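Each residue of the sequence shown is one higher than the one before, counting from 7 in our numbering. Take a look at the structure below.
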Amino acid sequence: MKLSKMVALLTLLAFLVVFAEGAYILRWITVLIFGIVLSVILFGWELGLPPIELGASQSKSKRRDEVKTLAALVNKAKSGKTARKIIADMVAEIYATVSDDYGKTYQELRSEPNRPMRLIMEDGDFLDNLERAIEIVEADLNED
Numbered sequence: 007m008k009l010s011k012m013v014a015l016l017t018l019l020a021f022l023v024v025f026a027e028g029a030y031i032l033r034w035i036t037v038l039i040f041g042i043v044l045s046v047i048l049f050g051w052e053l054g055l056p057p058i059e060l061g062a063s064q065s066k067s068k069r070r071d072e073v074k075t076l077a078a079l080v081n082k083a084k085s086g087k088t089a090r091k092i093i094a095d096m097v098a099e100i101y102a103t104v105s106d107d108y109g110k111t112y113q114e115l116r117s118e119p120n121r122p123m124r125l126i127m128e129d130g131d132f133l134d135n136l137e138r139a140i141e142i143v144e145a146d147l148n149e150d
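Shown next, in the form of structure tokens:
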């Protein structure tokens, strides 16, 4: 839900509660709660904080988008060297994340690629090379 729609909905809800309630103190409590919620929303928007996800459907759609993006990248890597380089960089990020010094390991792997990265960059059947590279990465990760 967009920010403007959420603010409009909360404003409408607050006005309905204020006019529907009979007690004076309940009206003020509603106005104070609305003010606090609105300030949190607006300050969060101003600071650039990520929005609050209200349902699991949003995270599922993000995962689907990631899977589609990776599938498209693998299809492009069958014929292009740039996509192969991106996948090799992903492998370097995996090794760097597992290591103690992320930056140093990542730079070392970028300058001197390890065996899985070289397999990915090789000419030939990309899918077979990718499968062998993934098996090597899995074996290295299980070794640690």
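By construction, the Cβ of each residue, glycine as well, lies at the ideal position given by its N, Cα and C atoms. Because the structure is a prediction, the values reported are computed rather than measured.
- When secondary structure is reduced to three states using DSSP, K87 falls in the helix class.
- The beta carbons of A83 and R90 sit closer together than 9 Å.
- The straight-line gap separating the alpha-carbon atoms of A102 and Y108 is approximately 5 Å.
- Taking all protein chains shown into account, N81 has fewer than 16 neighbouring C-beta atoms within 10 Å of its C-beta and is therefore exposed.
- Judged by DSSP secondary structure, P122 falls within the alpha helix (DSSP H) whose first and last residues are 121-127.
- When only Cα atoms are considered, G86 and I39 end up about 56 Å apart.
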